[in-house]
Amino acid sequence: MNISYLNTEPARSLKSIEDIRHDFPILQREVNGRPLVYLDNGASTQKPQVVIDAIAHYYSYYNANVHRGVHALSQEATAAMEASRLTVKHFLNARDEKEIIFTSGTTHGINILSQAWGRKNLKAGDEVLITEMEHHSNIVPWQMACELTGAVLKVALVTEDGEIDMEGLRSMLSERTKMVSVVHVSNTLGTINPVEEIIKAGHEVGALVHLDGAQAIAHMKVDVQALDADFYTFSGHKLFGPTGTGILYGKEKHLEAMPPLFGGGEMIKTVTFEKTTYNDLPFKFEAGTPNIAGNIALGTAIDYLSGLDWKAIRAHEVLLLDRTLDGLNQIEGIRLIGRSEKRSGAISFLVGTIHPFDMGTILDKLGIAVRTGHHCTEPLMDKYGIPGTVRTSFSIYNSEEDVNSLLAGVQKAVQMLS
Ligand SMILES: Cc1ncc(COP(=O)(O)O)c(C=O)c1O
Numbered sequence: 023m024n025i026s027y028l029n030t031e032p033a034r035s036l037k038s039i040e041d042i043r044h045d046f047p048i049l050q051r052e053v054n055g056r057p058l059v060y061l062d063n064g065a066s067t068q069k070p071q072v073v074i075d076a077i078a079h080y081y082s083y084y085n086a087n088v089h090r091g092v093h094a095l096s097q098e099a100t101a102a103m104e105a106s107r108l109t110v111k112h113f114l115n116a117r118d119e120k121e122i123i124f125t126s127g128t129t130h131g132i133n134i135l136s137q138a139w140g141r142k143n144l145k146a147g148d149e150v151l152i153t154e155m156e157h158h159s160n161i162v163p164w165q166m167a168c169e170l171t172g173a174v175l176k177v178a179l180v181t182e183d184g185e186i187d188m189e190g191l192r193s194m195l196s197e198r199t200k201m202v203s204v205v206h207v208s209n210t211l212g213t214i215n216p217v218e219e220i221i222k223a224g225h226e227v228g229a230l231v232h233l234d235g236a237q238a239i240a241h242m243k244v245d246v247q248a249l250d251a252d253f254y255t256f257s258g259h260k261l262f263g264p265t266g267t268g269i270l271y272g273k274e275k276h277l278e279a280m281p282p283l284f285g286g287g288e289m290i291k292t293v294t295f296e297k298t299t300y301n302d303l304p305f306k307f308e309a310g311t312p313n314i315a316g317n318i319a320l321g322t323a324i325d326y327l328s329g330l331d332w333k334a335i336r337a338h339e340v341l342l343l344d345r346t347l348d349g350l351n352q353i354e355g356i357r358l359i360g361r362s363e364k365r366s367g368a369i370s371f372l373v374g375t376i377h378p379f380d381m382g383t384i385l386d387k388l389g390i391a392v393r394t395g396h397h398c399t400e401p402l403m404d405k406y407g408i409p410g411t412v413r414t415s416f417s418i419y420n421s422e423e424d425v426n427s428l429l430a431g432v433q434k435a436v437q438m439l440s
């Protein structure tokens, strides 16, 4: 399989892979006496030194709570966190920083959306449309919102090759559809979904469209205005930022119309025992003390990524994906789970009857970190009738040597386990 027809104009790399690798201290370490080969980026990316430093700098020099203090440290912390919000706004090309809600990750963002928007806008007979390839984070919160409101959860099917059956999806859209919530890039299959088409189709029947961008955000330029997405969620830790950070983007008019989900400090204007008035966007959705260090360092991570070139990132990724697919396809008994030609990040596979866990354990002994299991997509595993897969997932610092190590490791595991 060759996926090079995708957007792979000549790479204009601003930094060599070597240089990028040097920015990530963890990549220098050994695991089980071997140089670390980190291929679990879909689960979480490693952090460049600048992100680690940003966290240490906050705690070392200006640790204080935000938005509440007249003193210098509080004002510095507030300025840094709000600067980070502005960085996210530019990164997503949002219209206004009011549209950028800090969350603890994709899961948190989807839960805010499904509950705050869902409770107000869903009623019995309404429909929420998702797909068979969703992560549990984009299934369970909608199930919960539907249970609460009497709305119905509809599921568009996925083809054997791991693409959304677009004809099927279109046939499920109607005036009853109030929300379409779809993963931008599948964490299990690696498929890049035709989200522009889905957004347009959703809007044609009057539905809003949310994209789960957890696996897309570090791999491609996301422009929420060009996409015309109503909501977009992602996690900071999959974007070289800290764990416990993330973003819920929403068009201002939708966020304005949504009630807050959590109550407490920060999200209020005035409180009496009789009545509370809520704060303006984005603070209405940010009750309590936020993850200040994390939110600041998320901005640093985005600045780091913005210093690279998207075309070069994509070209490098396509090279790694092509080599891996070519190599895997030469292994007897290989079964690729997800064979879309429009792919990014992840490749899932099985070899013969070898259990993914056994393959993963042998690879770990060789210093190679891959993910094994259902990848939080149990319904998708059920569809393919498998317990799980081995998943390799790439990032900007993975090298061709990493691919060679993986392929050699898989061959070795096959010899040992067959
Ligand atoms: C597609 C997708 N959606 C949602 C999530 C959940 O992300 P988090 O656990 O950071 O909230 C993940 C994590 O792997 C994912 O891959």
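So for the sequence shown, the numbering used here puts the first residue at 23; every next one is plus one.
From the three backbone atoms N, C-alpha and C, an ideal C-beta is built for every residue, glycine too.
Since we're looking at a predicted model, the values are computed, not measured.
Does the beta-carbon of residue 236, which I'm using as the reference point, lie nearer than 6 Å to any heavy atom of ligand 1? yes
Quick check on the DSSP output: the beta strand (DSSP E) that includes residue 271 runs from which residue to which? 268-272
Between the CA atoms of residue 106 and residue 118 - distance to the nearest angstrom: 13 Å
Rounded to whole angstroms, what's the CA-CA distance from residue 279 to residue 365? Just pull it up for me. 36 Å
On the DSSP bridge list, what partners appear for residue 67? DSSP lists no partner for residue 67.
Given a cut-off of 7 Å on the beta-carbon distance, is the pair residue 46 and residue 326 in contact? no
Inter-residue Cα distance where the pair is residue 345 and residue 424: 11 Å
What would DSSP say about residue 442, mapped onto helix, strand or coil? Absent from the model: residue 442. The displayed extent of the chain is 23 to 440, so no value can be given.
What residue does the beta strand (DSSP E) around residue 149 start on, and which one ends it? 149-153
Is there contact between the region 353-367 and the region 179-189, where contact requires at least three CB pairs shorter than 8 Å? yes
Give a single yes or no on whether residue 129 has its beta carbon closer than 6 Å to a heavy atom of ligand 1. yes
Take residue 369 and list the residues in its own chain whose beta-carbon comes closer than 8 Å to its own, dropping the five residues that flank it on each side. 212, 343, 346, 347, 350, 358, 360, 413, 414, 415
Proximity test, residue 209 beta-carbon vs ligand 1 heavy atom, cut-off 6 Å: yes
Of the listed residues 69, 122, 155, nearest to residue 406 (C-alpha basis): 155
Would DSSP call residue 37 helix, strand or coil? coil
Would you report the Cα separation of residue 434 and residue 130, rounded to the nearest angstrom? 40 Å
Residues near residue 323 by beta carbon distance below 6 Å, same chain, minus five either side: 73, 261, 262, 263
Helix or strand or just coil, what does DSSP make of residue 370? strand
Measuring only the C-alpha atoms, how far is residue 400 from residue 377? 16 Å
Just to confirm the assignment: which complete beta strand (DSSP E) runs, minimum length 3, are found wholly within the region 377-419? 393-395, 411-415
Check whether the region 187-200 touches the region 164-179, counting contact only when three or more Cβ pairs, one atom from each stretch, lie closer than 8 Å. yes
DSSP three-state assignment for residue 424, whether helix, strand or coil: helix
Which complete alpha helix (DSSP H) runs does the region 273-353 hold, if anything under 4 residues is left out? 274-279, 314-328, 332-351
Tell me the residue span of the alpha helix (DSSP H) that contains residue 246. 246-249
Run the proximity test for residue 205: is its beta-carbon closer than 6 Å to any non-hydrogen atom belonging to ligand 1? yes
Can you list the alpha helix (DSSP H) stretches of 4 or more residues lying completely in the region 157-221, in chain order? 162-171, 188-194
Could you have a look at residue 88 and say whether DSSP puts it in helix, strand or coil? coil
Leaving aside the five residues before and after residue 44 along the sequence, list all residues of the same chain whose C-beta is less than 6 Å from its C-beta, in chain order. none
Take the Cβ of residue 170 as the centre, count every other Cβ of all protein chains shown within 10 Å, and call the residue buried at 16 or more, exposed below. exposed
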